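This report refers to the structure that appears directly beneath it.
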Amino acid sequence: MAELLKLETAQRVRHIRSCVKYQVRCPNGGWRATQFKLSRKEAKLDRSRSCPYLDTINRSVLDFDFEKLCSVSLSHINVYACLVCGKYFQGRGNNTHAYTHSVFEGHHVFLNLQTQKFYCLPDNYQIIDSSLDDIIYVLNPTFSDIMIRKLDRNPKLSRAYDGTTYLPGIVGLNNIKANDYCNVVLQSLSHVAPLRNYFLREENYYKIKRPPGDQAFLLVQRFGELIRKLWNPCNFKAHVSPHEMLQAVVLCSKKKFQITEQGDPIDFLSWFLNAMHSAMNGTKKMNSSIISKTFRGKMRVYSRKIPSVDLSEAEQAKLIETEDYQEKVFDMPWLYLTCDLPAPPLYPDESRENIIPQVPFANLLTKFNGVTEKEYKSHKDSTMKKFELTRLPHFIIIYFKRFNKNYFVFEKNPTIVNFPIKNIDFGDLLSSEARSQHKNTTYDLVANVVHDGEPAQGKGSYRCHVLHKGQGKWYELQDLHVADILPQMITLSESYIQIFEVRKDIPNPLYNPAGASEVEEGGVVSMEVSGTDGSENNSTEEQK
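Counting in UniProt numbering, the sequence shown runs from 1 upward without gaps.
As structure tokens, this is what we get:
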């Protein structure tokens, strides 16, 4: 009986909507109500613009961060979001999951997640209303060139639908289980201005052609969506879930990086940058992708083998004269620089208290001045290497080798690095010839990744510090936790990864414009070399 009553009511409502009352002026100057019968097309159009169920939309439950799958069939084809309860359902016609949900639950307003059109079910007509534009913008934020240029100058807070305030770009990322090592890397990369500006405009990369069935480009698409959500000034909530991004990472890395197991941020960062470069058809040329333009530098490596100490002096002298033991010089690209921390003291100090060792940042950078030699041992022989930077990128990534693993234990070096936050001159590491080719060599810190806790997997946690240029303040981000922090507190943390940005307002006094074209147009040997120790893969002992 109730179903028949509901059916009669629906039919009566449809009949009433097909008629519209108009006020018509009478000859005597008065008004009279006249009712005209509309055509079917006009009635449908009028019904689309005056849906009576718009007030049932509940924006507080809408969440477009998760994978677009039907909650019943788990299909990703033709998926609709119910705007009353926030669930995803497939289809719109009779006997589909969305249609069944609308009949049984009385939820009528649905959004097609692909075409971004609104529909009323079970009547099955499109809804056209400008009041729904905010939902479309949350589903797929878009940025104009003017908006992008204002991002680094805008100090204003945005207000979410639930009333909480947040800064666009300073938004917490949900930790699904053990993906904090991914969150800190994604948060840090979202504050690299050229990378952010590139992915805020989808037209910059959606025309890139990839082979049929290629899954690598999914990583590029998901990263672009995440960047736009992090910088969206009109979010319904003050946090973002990187669910789709992390699923793309698990798929493209062939489960090397998992959501359920904590990994190493530097391993993830190295793989992520190389995978993004390859997915965007990057080559060995310097300007082949936004990754290469932003992070890739060049260095010159001096390598020479040294004979074993077990040999006699005569045998050592004989080996040194052979070709294999002569010094070899070659150029290689790099995406990040590995700094070796000095070993911590084995014993406490005189007052029987454990001291926290400290080291100046400048001492660690001497590894790349082309003078300091370091020995690298293998099971066959030993090699002495020197590193000399020849090209500085716009953004320099520094990695402090804080973890050491052997057959018995996994140790963490607690040494504190005393680094300045502003005005670090990397030009001191360049030769006079290379320095004259760089217009700017002074850098400022923009992101800092920190490890807290024990070194064992799953026992420690990662957090990051990022600079919001619009307000000029530093913020600490640890999953959903967001708080401002004093710059003096950043230098006291156990830094693990740092990102520095070049300052274009401080010129290099030794710059020579005549020789600058060589460093700007120079090529590189291979993109896959990401470390700084002469090795040609991302899993070398020095990078671990």
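Note that beta-carbon positions come from the ideal geometry of N, C-alpha and C, so glycine has one too.
Keep in mind it's a predicted model, so treat the numbers as computed, not measured.
Assign residue i to buried or exposed, taking buried as 16 or more other Cβ atoms, counted over all protein chains shown, within 10 Å of its Cβ.
i    : result
L167 : buried
S382 : exposed
T456 : For the record, residue 456 in the displayed sequence is Ala; it is not Thr. That one is exposed.
G93  : exposed
L157 : exposed
E105 : exposed
Y399 : buried
H379 : exposed
N232 : buried
I146 : exposed
F410 : exposed
S270 : buried
G163 : exposed
Q326 : exposed
L346 : exposed
Would you kindly work out how many angstroms separate the C-alpha atoms of residue i and residue j, rounded to a whole number?
i           : j    : result
F500        : I485 : 18 Å
N440        : S48  : 58 Å
H277        : P212 : 18 Å
S431        : V502 : 18 Å
H468        : D505 : 18 Å
D425        : M489 : 22 Å
T442        : S436 : 14 Å
P487        : G472 : 11 Å
E315        : L335 : 40 Å
V84         : I355 : 59 Å
K385        : K459 : 35 Å
T390        : N197 : 27 Å
residue 545 : N78  : Missing from the structure shown is residue 545; the chain here goes from 1 to 544 and no further.
R463        : F408 : 28 Å
V482        : Y475 : 7 Å
I416        : R222 : 36 Å
K87         : H107 : 11 Å
C70         : N413 : 47 Å
E454        : S289 : 38 Å
G470        : A447 : 15 Å
L54         : R201 : 31 Å
H438        : P242 : 38 Å
H465        : I135 : 31 Å
E225        : V309 : 57 Å
G523        : V359 : Because G523 carries a pLDDT of 35, less than 50, the predicted location of this residue cannot be relied on, and no value is offered for it.
I227        : S75  : 26 Å
E518        : P393 : Residue confidence is low: E518 scores 46 on pLDDT, short of 50, so the model does not pin down where it sits. No coordinate-derived value is stated.
L510        : F387 : 22 Å
N204        : P155 : 27 Å
H97         : T56  : 20 Å
L151        : A193 : 10 Å
Y496        : L132 : 44 Å
Restricting to Cα atoms, I'd like to know which of the options is closest to residue i.
i           : options                   : result
Y161        : L189, L113, H239 and C85  : H239
V329        : M299, E313 and L311       : M299
E323        : R304, D331 and V79        : R304
I266        : Q498, N175 and Y325       : Q498
residue 569 : P52, V72 and T142         : Since the first and last residues shown for the chain are 1 and 544, residue 569 lies out of range.
I397        : K367, I227 and S188       : S188
A343        : K367, N404 and F295       : N404
G370        : D310, S378, P360 and A434 : A434
A216        : N508, V192, L173 and Q247 : Q247
E244        : V450, K68, L477 and H438  : K68
V184        : Y376, F268 and L346       : F268
D340        : F361, L219 and Y325       : F361
A178        : G172, Q258 and L151       : Q258
Q478        : C120, I176, N512 and P420 : I176
D65         : K209, L139 and N232       : L139
V61         : T96, R402, Q262 and N235  : N235
K401        : T283, N174 and E494       : E494
N363        : P420, E261 and P333       : P420
S50         : Y125, Y99 and H97         : Y125
Taking 7 Å as the cut-off, is the beta-carbon of residue i closer than that to any non-hydrogen atom of the ligand SAH?
i    : result
F395 : Because no ligand of any kind appears in the structure shown, any question about the ligand SAH cannot be addressed here.
Give the C-beta separation of residue i and residue j to the nearest angstrom, bearing in mind that I take them to be a contact with Cβ-Cβ under 8 Å.
i    : j    : result
Y181 : D264 : 7 Å
F395 : F295 : 6 Å
S102 : Q90  : With a Cβ gap of about 13 Å, S102 and Q90 do not count as contacting.
Y80  : N112 : 6 Å
N281 : I208 : 6 Å
K422 : D444 : 5 Å
G169 : S190 : 7 Å
* Which ranges does the beta strand (DSSP E) cover as unbroken runs of at least 3 residues, wholly within the stretch 248-309, from first to last along the chain? -> 297-306
* 3-residue-minimum beta strand (DSSP E) runs that sit fully inside the stretch 445-525, ordered along the chain -> 461-468, 473-478, 481-485 and 495-502
* Taking only runs of the alpha helix (DSSP H) that begin and end inside the stretch 391-445, which ones reach a length of at least 4 residues, in chain order? -> Correct list: 432-435.
* Asked: Can you give, in chain order, each stretch of the beta strand (DSSP E) that sits fully within the stretch 105-163 and has at least 3 residues?
  -> Complete beta strand (DSSP E) runs here, min 3: 109-112, 118-120 and 125-127.
* Continuous alpha helix (DSSP H) assignments of at least 4 residues falling wholly in the stretch 171-200 -> 180-189 and 193-200
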